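*Asks:* So that we are looking at the same thing, I have put the structure below in structure tokens.
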């Protein structure tokens, strides 16, 4: 699986070599800050691996891959304002380190820079790539809006939740592989199957994120365990517990989520206690595996070199087996 | 000058016919709200008139023109959050009518929609148009950042101020005509001259905006007279007064701008009194005319049908002679 290491190095190098403008510093310092933070870079990886899968010229996918990473970072900058999130990837968020005006504007700038890179490819590819890019960008905004709406919604169904994470997270993974496939000139059916693979994997990936927040490992994940609970986030775990719990458990859960005086630690422990009683962990793992298997079936249907498809399988397997 | 009325009707129709998505309404209602507010639509007008000037196919410029109007509206939505501006075009701003989270996110969505439209043109034109579009978008963000920096800066020179409005306002007018010229397949030198025309006119236009805020007419302008003064905005008028004033006038002006208890009306009257003593109005009009004449010289240098250039001259003349 040398390809994986090779592309990871390539993306890191590409990002490091970006010659960001410097003036005004209030605008560009936050951009340099978020782009150099690291993160998993999984979206551009998906783009390059998808392009390679069809034997495509990787130079056609490279800047669109960077564009997707920039777009992703831009959404995090803006989301953190709306979510009032102080920490991201173990470091202060832009709105916290600077202020929300700077976070709005440096985010906007990074969004435009993403588009600049998305057009750095073969002329014939610009239109189809940008169509996917813009459509996806709009869907991600819709997903974030649904996520915000859920904060104050009286009731959120599991279906509504899945649709929200599909828009907010999964379609961008779908777009990442789709753009790689377009850059390689893949056939229409394979592009569609690969997109479905990316979306299903994205759903599994987000459910794992919900799970890791509660059952993950702090050191490796860089987030407070139970951060979603502390901030009353209606995750899949919470919504599933509301569905499965008896009257008393539901009442207790809602009470805990609306309690403003309880210490975070105490609240998290009590919520997790209910999750454990209801075996929520297994419930989430089961749905996650369902989406993961679905993603593999879509990948199987893609017409491409079998050894290269195997690289993609290994890559997703590694992501799927992160720390939980 | 039928062309002007014809294109104005065309743009209005194009905007009215947009079939915006509806869900979630929190995201799309603000977009529909700002796009239907009217405004002068002068940027898309510049694009269409520029395309027509070179005998270009107007259908190649139409959606990029809409893209520029959407981009402009997006920047207003975000700027109004940062400037805490409650009123725009005589109506409540998005952040005020809804909230700042919704203003951030519906703005982001509108930005992506702008790009969607910018690619709705002939395939060969997408790359050059998007290059201008993205470069300009980034410059507009830089201009807004400088504008915000000026709020807390101890000293702002007139040169810094002009550079700020060049980035924040003028380059977008330059881009509007440039994109129209690109869509028409104009020659390189004419494109450059037309861009210079747009930027110079944009500078004159913004200086006029500063002037109208103080010496304009409320009914037609839809803004409170002296709004810039009330919000301590360091306009060209203010900075010029600081340059020309004697020690006492400078001291008085700075004191008025830092006075938080004075009634807005009283403050505006006293600031305008100093402006009048120093003949600031004439100073601004003189610089405005300089930029306006410069824009006309650049337009003269453009190689195009003389009758069509005349349409552009009439259009800018009408804008230049708005209400002051």
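Protein chains in written order, with the numbering used here: chain A, 1 to 324; chain B, 1001 to 1324. Virtual Cβ for every residue (Gly too), placed ideally from N, Cα, C. A quick note: this is a predicted structure, and the numbers were derived from the prediction, not measured.
#1: How many angstroms separate the CA atom of residue 30(A) from the CA atom of residue 322(A)?
#2: Using DSSP bridges, identify the partner residues of residue 1091(B).
#3: Under 8 Å Cβ-Cβ, which residues of chain A neighbour residue 1024(B)?
#4: Assuming residue 1280(B) contacts residue 1240(B) (C-beta within less than 8 Å), just tell me the rounded distance between them.
#5: Does residue 18(A) get closer than 8 Å to chain B when you measure Cβ to Cβ?
#6: Can you tell me whether DSSP reads residue 302(A) as helix, strand or coil?
#7: For a quick check, are the C-beta atoms of residue 1081(B) and residue 77(A) less than 8 Å apart?
#8: Please tell me whether residue 185(A) and residue 56(A) are closer than 8 Å, where the distance is taken between their beta carbons.
#9: Over the uninterrupted alpha helix (DSSP H) stretch that includes residue 57(A), give me the two end residues.
#10: Given a limit of 7 Å on CB to CB distance, which residues of the region 1094 to 1112 of chain B reach chain D?
#11: Does DSSP classify residue 1099(B) as helix, strand or coil?
#12: Would residue 1321(B) count as contacting chain A if we go by Cβ distances under 8 Å?
#13: Applying the criterion that 16 or more other CB atoms from any shown protein chain within 10 Å of the CB defines a buried residue, is residue 1025(B) buried or exposed?
#14: Specify, as a first and last residue, the run of the alpha helix (DSSP H) that residue 178(A) falls within.
#15: Whose Cβ in chain A lies nearer than 8 Å to the Cβ of residue 953(B)?
#16: Kindly say whether residue 1240(B), judged by its beta-carbon, lies nearer than 8 Å to any beta-carbon of chain A.
#17: Give a yes or no on whether the minimum CB-CB distance between residue 1208(B) and chain A is below 8 Å.
#18: Within the same chain, show all residues whose beta-carbon is closer than 7 Å to that of residue 196(A), passing over the 5 residues directly before and after it, in chain order.
#19: Return helix, strand or coil for residue 1321(B), following the three-state DSSP convention.
#20: The alpha helix (DSSP H) with residue 1122(B) in it runs from where to where?
#21: So for residue 16(A), helix, strand or coil by DSSP?
#22: At a Cβ threshold of 8 Å, is residue 127(A) touching chain B?
#23: Just by C-beta distance, which residues in the region 80 to 93 of chain A are closer than 7 Å to chain B?
#24: Is there at least one Cβ from chain B nearer than 8 Å to residue 27(A)'s Cβ?
#25: So residue 1004(B) and residue 1315(B) are in contact, right, with Cβ under 8 Å, and what is the actual spacing, rounded?
#26: Considering Cα atoms alone, identify which of 286(A), 159(A) and 302(A) is closest to residue 191(A).
#27: When you compare the CB positions of residue 230(A) and residue 268(A), do they come within less than 8 Å of one another, or not?
#28: Which residues in chain B sit within 8 Å of residue 134(A), going by Cβ to Cβ distance?
#29: Buried or exposed: which applies to residue 144(A), given that a residue is buried once 16 or more other Cβ atoms fall within 10 Å of its Cβ?
#30: Output the distance between the C-alpha atoms of residue 327(A) and residue 133(A), rounded to the nearest integer angstrom.
#31: In whole angstroms, what separates the C-alpha of residue 1121(B) from that of residue 1140(B)?
*Replies:* Walking through what the data contain:
#1: 29 Å
#2: 1088(B)
#3: 142, 145, 146 and 149
#4: 6 Å
#5: no
#6: coil
#7: no
#8: yes
#9: Per DSSP, residue 57(A) belongs to no alpha helix (DSSP H) and is neither H nor E.
#10: Here the protein chains are A and B, and chain D is not one of them.
#11: coil
#12: no
#13: exposed
#14: 171 to 183
#15: The structure shown does not extend to residue 953(B), since chain B is modelled only from 1001 to 1324, so the question has no answer here.
#16: no
#17: no
#18: 298
#19: coil
#20: Segment: none, residue 1122(B) is in no alpha helix (DSSP H) and carries neither H nor E.
#21: helix
#22: yes
#23: 81 and 82
#24: yes
#25: 6 Å
#26: 302(A)
#27: yes
#28: 1112, 1113, 1115, 1116 and 1119
#29: buried
#30: Only positions 1 to 324 of chain A appear in the structure, and residue 327(A) is not among them; the question remains open.
#31: 23 Å
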